[in-house]
Each structure stands twice: as C-alpha cells, then as structure tokens.
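See structure below.
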Amino acid sequence: MHKMIPLRSPNYALPYRRLSTLHRRLCSTTQTDIGSDTPRFPPVPSVFVSQSYRRVRNSPTLPLEAVAIPHTVQAEVHALIKEHSLSAKNIRKHVKALDLLRAQDFERRKIVSRKGQPIVRRPLKYDEEEAVSYAALRMPATLAANVFVMAEIRRLLPDFAPIKLLDFGTGVGVSVMAAARAFPNPTPDQGSSSIRMAALVDQSEPMLRVGSKILKSDPAASSTSVSSALSLHDKVLRQAEFDIVCASYSLNEIVRKAMANPLDCEDSDRDGGSVSREKRVKLAENNLRRTVKSLWSRTAPGGLLIVVEDGTAAGFEIVSFARDLLLRYNDAETVKAEHLDSNSSGHKDRATQARVVAPCLHSRTCPLRGSITRRRICRFQQRLNRPLFSRNARPLPTGYEDEYFSFIAIQKILLEEKSPNDTEAKGWGRLIRPPLMKGKHIALDACTKDGNLERRVVSKKNAPLGSSLEPVGPNGVMYGQKNPVLVYKY
Numbered sequence: 010m011h012k013m014i015p016l017r018s019p020n021y022a023l024p025y026r027r028l029s030t031l032h033r034r035l036c037s038t039t040q041t042d043i044g045s046d047t048p049r050f051p052p053v054p055s056v057f058v059s060q061s062y063r064r065v066r067n068s069p070t071l072p073l074e075a076v077a078i079p080h081t082v083q084a085e086v087h088a089l090i091k092e093h094s095l096s097a098k099n100i101r102k103h104v105k106a107l108d109l110l111r112a113q114d115f116e117r118r119k120i121v122s123r124k125g126q127p128i129v130r131r132p133l134k135y136d137e138e139e140a141v142s143y144a145a146l147r148m149p150a151t152l153a154a155n156v157f158v159m160a161e162i163r164r165l166l167p168d169f170a171p172i173k174l175l176d177f178g179t180g181v182g183v184s185v186m187a188a189a190r191a192f193p194n195p196t197p198d199q200g201s202s203s204i205r206m207a208a209l210v211d212q213s214e215p216m217l218r219v220g221s222k223i224l225k226s227d228p229a230a231s232s233t234s235v236s237s238a239l240s241l242h243d244k245v246l247r248q249a250e251f252d253i254v255c256a257s258y259s260l261n262e263i264v265r266k267a268m269a270n271p272l273d274c275e276d277s278d279r280d281g282g283s284v285s286r287e288k289r290v291k292l293a294e295n296n297l298r299r300t301v302k303s304l305w306s307r308t309a310p311g312g313l314l315i316v317v318e319d320g321t322a323a324g325f326e327i328v329s330f331a332r333d334l335l336l337r338y339n340d341a342e343t344v345k346a347e348h349l350d351s352n353s354s355g356h357k358d359r360a361t362q363a364r365v366v367a368p369c370l371h372s373r374t375c376p377l378r379g380s381i382t383r384r385r386i387c388r389f390q391q392r393l394n395r396p397l398f399s400r401n402a403r404p405l406p407t408g409y410e411d412e413y414f415s416f417i418a419i420q421k422i423l424l425e426e427k428s429p430n431d432t433e434a435k436g437w438g439r440l441i442r443p444p445l446m447k448g449k450h451i452a453l454d455a456c457t458k459d460g461n462l463e464r465r466v467v468s469k470k471n472a473p474l475g476s477s478l479e480p481v482g483p484n485g486v487m488y489g490q491k492n493p494v495l496v497y498k499y
C-alpha cells in the first residue's frame with residue numbers, strides 16, 4: 010500500500026507515488042511542451058540564473074530558474090560589510106532597528122507622562138551601517154521578486170523599451186538592477202540596457218549612497234545615469250514623467266506609519282490624544298491614496314506603474330487598493346464625483362486611461378478583493394540562491410530561499426489608441442492556486458479574462474497523458490487546444 014500524504018487540505022490525500030509522478034510531469038513543462046502557437050516566455054537574464062537549479066516548486070506557476078546575485082554586486086556588498094566591520098549579529102540587530110525606524114513603529118514603545126501626554130522615545134540613528142545590513146539581508150529577496158515582475162512585463166510587452174525609471178522607496182536600487190537586465194538596449198553601442206536614466210527616491214541619504222555604490226558595481230546598470238531625491242516633491246521630479254514608476258516594498262511603510270504613529274501624519278489633528286483604530290485606517294488610506302496618485306501623475310503615457318508587496322494578506326490588500334484606485338480613472342463619472350484634478354490624477358487632458366498588464370488578464374474588479382485571507386490572495390513565488398553574506402547573516406538549512414510576493418503592473422494608455430492585444434487574452438485564465446491532482450484528472454483554479462474565479466478540470470479523456478501538460482503555460486497561464494470542463498464558478 011502506498012504512503013498517503015496530504016495536499017493543501019487535511020481532507021485530501023493521494024498515494025505518494027501517483028502524486029509525485031503527476032506533480033513532476035505537470036511542473037516540469039518547458040516552452041517546447043506548451044506548443045508552437047503559445048507565447049514564449051523570455052528566459053531570465055543569465056546573470057541572475059543558477060544553472061544548478063532544476064527542482065520542482067509547489068507553486069501555481071511553472072518553475073523558473075533561481076535568481077542569483079551578480080558576482081560584482083556580491084563583491085561590493087562584501088566590501089561594504091568589511092568596511093563597516095559588521096558581524097552577523099550586528100547585521101541582524103541593525104536590520105531590526107531599521108524596521109522600527111522606517112515604519113515609525115513607536116506605538117508600543119511610548120512613555121506616558123504624569124499629565125497623560127505621550128512621549129515618544131528618541132528615534133534610532135540611521136546611518137550607513139543600517140543600509141549595508143539591509144543590503145545583506147533584504148536585497149536578495151526583493152531583487153528576486155523584481156526580476157520576476159520585469160521578466161513578466163517583457164514577455165507581455167516585447168516592444169516596450171523604457172528609457173526613464175523612477176524607483177520610489179528604492180532601498181538599494183533593486184528595481185533598477187532588474188529592469189536593466191530585462192529590457193536590453195536596441196542599440197548596444199549606447200549601453201546594454203534601454204534604461205538610460207533612473208531616479209532613486211528614499212527618505213534616507215545613507216540608503217541612497219549605498220544604493221548608488223551597488224548600482225555602479227552592476228555591469229548592466231553601470232551605464233545608467235542615476236539621480237537621487239529624498240521626496241517625490243523634489244524640484245527635479247515635480248514635472249518629470251517616467252516610462253516605469255516602481256514602488257517595490259515601499260507602500261506598506263506608509264500604511265504602517267499611519268497605523269503605528271498617526272500623530273505624525275499630515276491629516277491628523279495633532280491634539281495629542283489617542284487615535285481610534287477607525288481613524289488610523291482612514292489616515293492610512295488617505296496617505297496611500299495620495300502617494301499612488303502622485304506616482305501615477307509621474308507615469309508617462311504608455312508607461313507603467315508597478316507595485317510590488319509581500320505575498321501576505323496585508324500586502325495583497327495594498328496592491329488591490331492601488332489597482333482599484335487607478336481603474337477608477339477609466340470612469341468619467343467617478344473622476345468627476347471625486348473631484349480629481351489633473352495634477353493629482355495624471356490626466357492632463359482626460360485623454361488617458363489605466364489598463365492592467367500583469368498579472369491580471371482583465372481590467373475589471375479583482376474577484377479576490379472581497380474576502381482576503383491567507384488562502385484567498387493572488388501571490389507568486391520566486392526562488393533565489395542566497396549569497397554568502399546572506400547565509401552568514403541568517404543561517405538556514407538550505408542555500409536557497411523562496412520569496413512570495415504580490416504585484417500589479419498598470420499601463421497608462423491614450424484613449425484614441427486601441428487597447429493592445431494581450432497575448433494572454435486567448436488563454437483560459439491564470440492559476441491562483443497549485444493544481445489539485447487526482448487519479449485521472451487535474452483541477453485548475455484560475456482567474457479568467459472575464460474577471461471570474463473558475464475551477465476547470467482537465468481529464469485524461471479530454472487531454473491524454475502525453476498532452477496533459479499543455480493547459481498550463483508560463484507563469485501559471487492556462488493554454489491548450491481542448492477546453493477543459495468547467496466545474497463551477499466561485
């Protein structure tokens with residue numbers, strides 16, 4: 010008798026031999042297995058790829074090669090760690106202090122005076138040691154997520170050649186590194202990447218200095234002209250427009266700041282008293298709405314606004330909030346009712362609209378927006394090879410790590426232009442959960458191009474074992490010549 014193991018549910022079990030065989034065959038699909046008429050997925054840049062990684066992942070998407078940090082970047086981070094004499098213990102300590110400072114998480118650390126007035130402790134000093142520690146621990150994971158996102162955009166928009174990039178909450182510039190590899194320069198004589206100018210925005214000068222040093226060590230991004238600013242309201246960025254505006258793991262800090270220390274927010278009454286949770290949520294939404302509008306106003310027509318957050322319920326909530334906010338601009342009545350002026354919305358002459366490029370196949374309301382739980386979110390997974398400095402700072406039993414994240418890429422298009430034909434519009438949908446495999450059929454839960462959640466079943470009768478791998482394409486997009494049987498809609 011075969012060994013029984015659970016799969017995603019305690020009430021669902023399969024023989025180990027049968028499960029492993031089907032899972033291996035399903036997840037080992039290559040581009041040639043999908044069919045000649047299927048859109049191709051461009052390979053992840055070789056500098057980020059580890060040729061030794063060929064393991065199968067338990068993910069709604071097909072396994073991509075593990076992301077590896079370029080050797081020149083690793084050498085630069087090692088040099089910075091050695092320059093500041095940072096041990097593994099100090100790196101973990103500085104990163105913890107950095108989280109407290111960047112998010113302004115002082116609510117639980119307040120001291121109340123005799124008069125009842127809250128007294129906040131003195132903020133921690135933020136210097137280059139915290140920035141280098143952040144690069145050692147957090148940079149590999151955030152880089153892996155951005156590589157996945159940029160490669161997905163390149164696959165969907167093969168003719169897209171961005172020139173100017175704005176990285177909001179840049180950290181150490183991982184979005185610039187990923188975009189520099191994903192979008193090659195059509196004229197190699199002028200550089201390897203089409204990104205010629207990048208603007209880094211971060212509230213910390215030490216972080217900007219460390220990010221500039223790391224970007225100079227990257228061969229692909231070394232030819233990119235890099236400028237830095239402490240705020241979006243900088244004079245250089247007020248009237249500028251960019252082809253790519255990226256907010257990677259930065260919008261959550263705005264929400265956490267409003268929830269933890271609302272007295273520092275612009276919309277607070279500053280009466281010195283306690284603030285209720287409802288008011289905290291309202292302040293967080295107002296700050297998030299203001300930031301997203303500002304980022305959208307700096308997106309050039311034809312450009313993209315990319316939001317990347319953690320693959321948690323809170324991260325997906327932020328991504329969904331930004332998605333719904335930008336799609337409201339497509340409705341003229343909503344724009345007029347909310348009194349959205351041209352400066353805040355980015356529609357100077359009301360001639361542009363928002364279109365979702367990835368990961369959704371539609372620009373309608375997200376079907377997962379209503380009930381957000383740990384099992385009801387849209388997230389993706391990317392594996393990365395942990396460099397030596399990351400393994401020393403945080404020892405793990407394996408030399409790799411899986412990063413879970415949620416993202417949205419929205420394009421600002423002109424109304425007179427026809428909506429570009431999405432290569433995935435002909436597909437059945439995008440998988441939102443790992444396939445459920447039984448004896449002679451596979452159940453696929455997907456978000457369709459109509460904006461619905463559906464479960465379809467590919468049986469052995471409809472798709473023989475030799476061609477049963479066709480329905481799932483790159484990044485969890487379902488293709489195939491034979492339509493699977495629709496079981497039900499959520």
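Residue numbering for the sequence shown follows this note's numbering, starting at 10 and increasing by one per position.
Backbone N, C-alpha and C fix where the C-beta goes; we use that ideal spot for every residue, glycine too.
Check                                                                                                                                                                  : Outcome
Throw me the rounded Cβ distance for the V332 and I419 pair, which I believe falls under 8 Å.                                                                          : With the sequence shown as reference, residue 332 is identified as Arg, and Val is not the correct amino acid for it. 7 Å between Cβ atoms; contact.
With three or more beta-carbon pairs closer than 8 Å as the criterion, would you say the stretch 179-198 touches the stretch 220-227?                                  : yes
Excluding the 5 residues flanking I162 on each side, which residues of the same chain have their C-beta closer than 8 Å to its C-beta?                                 : F169, A191, L313, I315, V366, A367, A418
Mapping DSSP to helix, strand and coil, what is H356?                                                                                                                  : Residue placement at H356 is flagged as unreliable, the pLDDT there being 47, under the threshold of 50; the coordinate-derived value follows with that caveat. Coil, per DSSP.
Can you pull the DSSP bridge partners for T361?                                                                                                                        : L423
In its own chain, which residues sit with a C-beta less than 8 Å from the C-beta of P193, not counting the 5 before and 5 after it?                                    : S201, S202, S203
Taking C-alpha atoms, which residue in P195, I253, N155, A150 lies nearest to P171?                                                                                    : I253
Measure the C-alpha to C-alpha separation of L1 and D411 and round it to an integer number of angstroms.                                                               : Here the chain comprises residues numbered 10 to 499, so residue 1 is not present and cannot be evaluated.
Evaluate N352 with the Cβ neighbour count: other Cβ atoms within 10 Å of its Cβ, from every protein chain shown; 16 or more gives buried, anything less gives exposed. : Low confidence applies to N352: its pLDDT is 43, below 50, so where it sits in the model is not reliable enough to give any reading.
Considering only the alpha carbon of each residue, which of S259, F398, R373 lies closest to A323?                                                                     : S259
In three-state DSSP terms, what is V181?                                                                                                                               : coil
For S415, count neighbouring C-beta atoms within 10 Å of its own C-beta (all shown protein chains included) and say buried if the count is 16 or more, exposed if not. : buried
Can you pull the DSSP bridge partners for Q390?                                                                                                                        : Y413
Please return the same chain residues whose Cβ sits closer than 7 Å to the Cβ of L95, not counting the five positions on each side in sequence.                        : E138, V141, S142
So, are the CB atoms of A150 and L393 less than 8 Å apart?                                                                                                             : yes
Where does P127 sit, in a helix, a strand or coil, going by DSSP?                                                                                                      : Low per-residue confidence applies at P127: pLDDT is 46, beneath 50, and the placement is therefore not dependable, though the value from the model is reported in the following sentence. Correct three-state label for P127: strand.
On the three-state DSSP scale, how would you describe K291?                                                                                                            : helix
Would the beta-carbon of I508 fall within 8 Å of that of A154?                                                                                                         : Lying before the first or after the last residue shown, residue 508 is absent from the chain, which here runs from 10 to 499.
For the alpha helix (DSSP H) that I90 lies in, which residues bound it at each end?                                                                                    : 80-92
Return the chain-ordered list of same chain residues with a C-beta closer than 7 Å to the C-beta of H87, the five sequence neighbours on each side being excluded.     : F398
Thinking just about the alpha-carbon of each residue, which of V467, T457, L217 is nearest to the one in K447?                                                         : V467
In this structure, what does DSSP give as the bridge partners for V317?                                                                                                : S257, F416
May I have a chain-ordered list of the beta strand (DSSP E) segments no shorter than 3 residues that lie completely inside the stretch 203-263?                        : 206-210, 234-238, 251-257
What does a CB cutoff of less than 8 Å around R218 pick up in its chain, not counting 5 residues either side in sequence?                                              : E137, A140
On a Cα-Cα basis, can you pick out the residue from G408, Q248, V235, C375 that is closest to L335?                                                                    : C375
Compute the beta-carbon to beta-carbon distance between L241 and V210, rounded to the nearest angstrom, for a pair I have assumed lies under 8 Å.                      : 6 Å
P15 to L445, Cα distance in whole Å?                                                                                                                                   : Note that P15 scores a pLDDT of 38, beneath 50, so its modelled location is shaky; the value from the coordinates is reported in the next line. Whole-angstrom Cα-Cα distance: 11 Å.
Thinking just about the alpha-carbon of each residue, which of L239, R400, T321, R464 is nearest to the one in H450?                                                   : R464
The beta strand (DSSP E) spanning L462 covers which residue range?                                                                                                     : 462-468
Distance check for V104 and R395, CA to CA, integer angstroms please.                                                                                                  : 17 Å
Would you please state the rounded distance, in angstroms, between the beta carbons of A249 and R307? I believe it to be under 8 Å.                                    : 6 Å
Taking all protein chains shown into account, decide if A84 is buried (16 or more other Cβ within 10 angstroms of its Cβ) or exposed.                                  : exposed
Do D454 and H371 have their C-beta atoms within less than 8 Å of each other?                                                                                           : no
Spell out the partners DSSP gives I451 in its beta bridges.                                                                                                            : M446, V467
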